[in-house]
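K.L.:
Just dropping this structure here.
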Amino acid sequence: MTTSNTISSIHQQFLSNEKTPDFLFNELLQSIQQKDSSIHAFLHVCEQESKLTTKKYPLPVTKEMLDQYPLLGIPVGVKDNINVQGTETTAASRILKNHQSVYDATVIERMKNRGAYVIGKTNMDEFAMGSSTEFSAYFPTRNPIDLAYTPGGSSGGSAAAVKAGFCTVSLGSDTGGSVRQPASFCGVVGIRPTYGFVSRYGMTSFCSTLDQIGTMGTCVNDAFQLLKSVCGYDEKDSTSEKMEWEDLPDVTPIQSFGILASIERLNMDPFVKKMYDKVVHFLSSSYKPTTFDLNMLDCAMATYHVIADSEASSNLSRFDGIRFGLQRMGTSSEESYIRARTEGFGTEVKRRILLGTYILSNEFAGNYYKQALYAKDLVTQEMESIFLQCPFMIMPTALKMPFKFGERKDPLDMYYSDYLTIPSAIAGVPSVSIPIGMNDKGFSAGIQVIGPRFSEKLLWRIAKYIEEGIS
Ligand code: GLN
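Under the numbering used here, the sequence shown has 296 at position 272, and the numbering climbs by one with no breaks.
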């Protein structure tokens, strides 16, 4: 964790007149210009917009202003599947090249209302399908810790931008792990909130029953501060829950925490195992560890891919080469669709559209999609039953440490990256990944703290306790 560029340290610098928001932005812009040509965290830097915004903040910054605008002058990196008015939103796909957003997503509107600004749109796996940011149609993002390694994905650009110090916090999206896994690869904190707690209005849909916008920061407080600013009910999202931050249940005394009984059988990297044991040991001095089985763990990944591919095939049908983005004229409408989609989508996206279309075809829908929804309920019930016994549980974020470019060629190998992030996504429960320790290459292991729906206040407290105690 770095402390020089946290929200509170930046605000301190504003208050003491050491820096103004405008000065900070110029510093960051310089650093982006120097370093992002090798990292490629951004697809687009909002230079003009940020310049104008940061010049407009009234000076000097006062305590009262910060009370009213808790994110005043804070630069945010935004994943390129979230609409920011006046910027290009491409979801890192060729099919949306040059697509200009005509409105702000709800999360953008809210963070701006709290005083933050968008410094740039971050790179990602195309349409958020991937775990390494290698599937961006434009270029891969490199891990700032070691450029030979991937930053994880699909929100790899958002994680890399925070780690490289190009922005203070960032927004990503997590369908099966895409905030937490890159956060763990880049050594930052990443939160997937409760399903329905953060509006997805203005986010490009991938798998609507699982998609969730999440936050990242260099420390637990920052990631939660951003979450606190963007969460809450939104009538524009039909899956939004009538819940505000203030209404979240208060933290009650904690006696125990949950750990996986079968963790030894998972083929974990020794460093991940060591850091996981360290956290278990640390927490055990205050709370009683309770072991539980997650019998559905092995089924969760298959369940996820059936649901995600099915819904992706349906959601992505709107990219027909007529309404948005890339257009290719053929001699018939069908030929025009085919040409635009063939040229516009990358291999991984095509693979999922084909699989999803097959799964949803009349003949098979009952066998696969409905079965997967049934399995989703079972995973959810199993997770819920764990939370009846203990208020939170922990597990590693990823089984393996970061991998190098081109190392995971087999799609199934890549899919295994999310083995431990998928169950909470399927159950719709919140999870925070925090970086623990550091190996000889400079990488930390991500450990997740997971709780029942709407336990964000509790997760904040536990994650901070672990961060202060051992990371
Ligand atoms: N890596 C997973 C996938 O490729 C999860 C993606 C995500 O959470 N957006 O589907």
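Cβ coordinates follow ideal geometry from the N, Cα and C atoms, glycine included.
Who are the near neighbours of E492 in its chain, counting only those whose CB is closer than 7 Å to its CB and skipping five residues on each side?
P.N.:
Hits under 7 Å: none found.
K.L.:
Just the C-alpha distance for T27 and T192, rounded to the nearest angstrom, thanks.
P.N.:
Residue placement at T27 is flagged as unreliable, the pLDDT there being 48, under the threshold of 50; the coordinate-derived value follows with that caveat. In a straight line, the C-alpha of T27 is about 11 Å away from that of T192.
K.L.:
Mind checking whether the beta-carbon of H123 lies closer than 8 Å to any heavy atom of ligand 1?
P.N.:
Flag unset: Cβ of H123 not near ligand 1.
K.L.:
Under 8 Å: do the region 136-143 and the region 153-162 share three or more Cβ pairs, one atom per stretch?
P.N.:
As far as the Cβ criterion goes, the region 136-143 does not touch the region 153-162, which means the pair count is below three.
K.L.:
Ends of the beta strand (DSSP E) at R216?
P.N.:
Unbroken beta strand (DSSP E) run through R216: V213 to R216.
K.L.:
Are the CB atoms of L90 and L39 within a distance shorter than 9 Å?
P.N.:
In contact: L39 and L90 (Cβ atoms closer than 9 Å).
K.L.:
So, E372 versus E88, is the Cβ gap smaller than 9 Å?
P.N.:
No, they are not a contact pair.
K.L.:
Using the three-state DSSP reduction, which class does K2 fall into: helix, strand or coil?
P.N.:
Because the chain spans 25 through 495 in this model, residue 2 falls outside it and cannot be assessed.
K.L.:
List the residues that DSSP assigns as beta-bridge partners of G101.
P.N.:
DSSP output for G101 lists G144 and S194 as bridge partner(s).
K.L.:
Rounded to the nearest angstrom, how far is the Cβ of V14 from that of P459, given a contact under 8 Å?
P.N.:
The requested residue 14 is not part of the displayed model; the chain covers only 25 to 495.
K.L.:
CB-CB under 6 Å to A332, same chain, minus the five flanking residues each way: which ones, in chain order?
P.N.:
So the list reads C231, once near-sequence residues are dropped.
K.L.:
In the region 156-208, which residue ranges form an unbroken alpha helix (DSSP H) of at least 4 residues, counting only runs that do not cross its ends?
P.N.:
Counting whole runs of 4 or more residues, the region 156-208 contains the alpha helix (DSSP H) stretches 180-187.
K.L.:
Please check the pair A116 and N167, which I expect to be a contact at CB under 8 Å, by giving their CB distance rounded to whole angstroms.
P.N.:
With a Cβ gap of about 17 Å, A116 and N167 do not count as contacting.
K.L.:
So, helix, strand or coil for Q124, using DSSP?
P.N.:
DSSP places Q124 in strand when its eight states are reduced to three.
K.L.:
Are the beta-carbon atoms belonging to G180 and T174 less than 9 Å from one another?
P.N.:
Taking 9 Å as the Cβ cut-off, G180 and T174 qualify as a contacting pair.
K.L.:
For a test of the three-state rule: what should DSSP assign to L284, helix, strand or coil?
P.N.:
L284: strand per DSSP, three-state reduction.
K.L.:
Restricting to Cα atoms, I'd like to know which of G466, I34, E480 and F281 is closest to L412.
P.N.:
If we check each option's Cα against that of L412, F281 comes out closest.
K.L.:
By the three-class DSSP mapping on this structure, what secondary structure does H305 have?
P.N.:
In this structure, H305 counts as helix in the three-state DSSP scheme.
K.L.:
D5: beta carbon under 8 Å from a heavy atom of ligand 1?
P.N.:
Because the chain in this structure spans residues 25 to 495, residue 5 falls outside the shown range and cannot be described.
K.L.:
So S448 packs on R216, CB below 8 Å; how close in whole Å?
P.N.:
Indeed they touch by this definition, with Cβ atoms about 7 Å apart.
K.L.:
Using DSSP with H/G/I as helix, E/B as strand and the rest coil, what is K428?
P.N.:
K428: strand per DSSP, three-state reduction.
K.L.:
By Cβ distance below 6 Å, which residues in the same chain neighbour L307 in space, the five residues on each side in sequence not counted?
P.N.:
Excluding sequence neighbours, L307 sits near F281.
K.L.:
When the Cα atoms are used, what is the spatial distance from K43 to F49?
P.N.:
C-alpha separation (whole angstroms): 10 Å.
K.L.:
Between M135 and S253, what straight-line distance do the alpha-carbon atoms span, to the nearest angstrom?
P.N.:
M135 and S253: Cα-Cα distance of roughly 6 Å.
K.L.:
Could you please give me the residues that DSSP links to A469 through a beta bridge?
P.N.:
Paired residue(s): I460.
K.L.:
Considering K312, what are the terminal residues of the beta strand (DSSP E) in which it resides?
P.N.:
Residues K312 to F316.
K.L.:
Please identify the residue among G176, V473 and G241 whose C-alpha is closest to the C-alpha of F209.
P.N.:
Residue G176 is the option with its Cα nearest to F209.
K.L.:
What number of angstroms, rounded off, separates the C-alpha of S178 from the C-alpha of Q205?
P.N.:
Computed Cα separation, rounded: 8 Å.
K.L.:
Whole angstroms is fine: what's the gap from G370's alpha carbon to R118's?
P.N.:
Distance between the alpha carbons of G370 and R118: 8 Å.
K.L.:
Check whether the Cβ of A152 lies closer than 8 Å to any heavy atom of ligand 1, and answer yes or no.
P.N.:
Result yes, Cβ under 8 Å from ligand 1.
K.L.:
Compute the Euclidean distance between the alpha carbons of C70 and I287, then round it to the nearest angstrom.
P.N.:
Rounded to whole angstroms, C70 to I287 spans 44 Å at the Cα level.
K.L.:
What do you reckon, is the C-beta of Y328 under 8 Å from a heavy atom of ligand 1?
P.N.:
Indeed, a heavy atom of ligand 1 lies less than 8 Å from the Cβ.
K.L.:
Measure the Cβ-Cβ separation of L496 and I106 and say whether it is below 9 Å.
P.N.:
Outside the shown range of the chain (25 to 495) lies residue 496, about which nothing can therefore be said.
K.L.:
Which full runs of the alpha helix (DSSP H) of 4+ residues lie inside the region 329-392, going along the chain?
P.N.:
Taking only runs of at least 4 residues, the alpha helix (DSSP H) segments lying wholly in the region 329-392 are 357-368 and 371-384.
K.L.:
Flag this pair as touching only if the region 269-280 and the region 309-318 have three or more C-beta atom pairs under 8 Å; answer yes or no.
P.N.:
Yes, they touch.
K.L.:
Expressed to the nearest angstrom, what Euclidean distance is found between the alpha-carbon atoms of R352 and T113?
P.N.:
Distance between the alpha carbons of R352 and T113 is about 20 Å.
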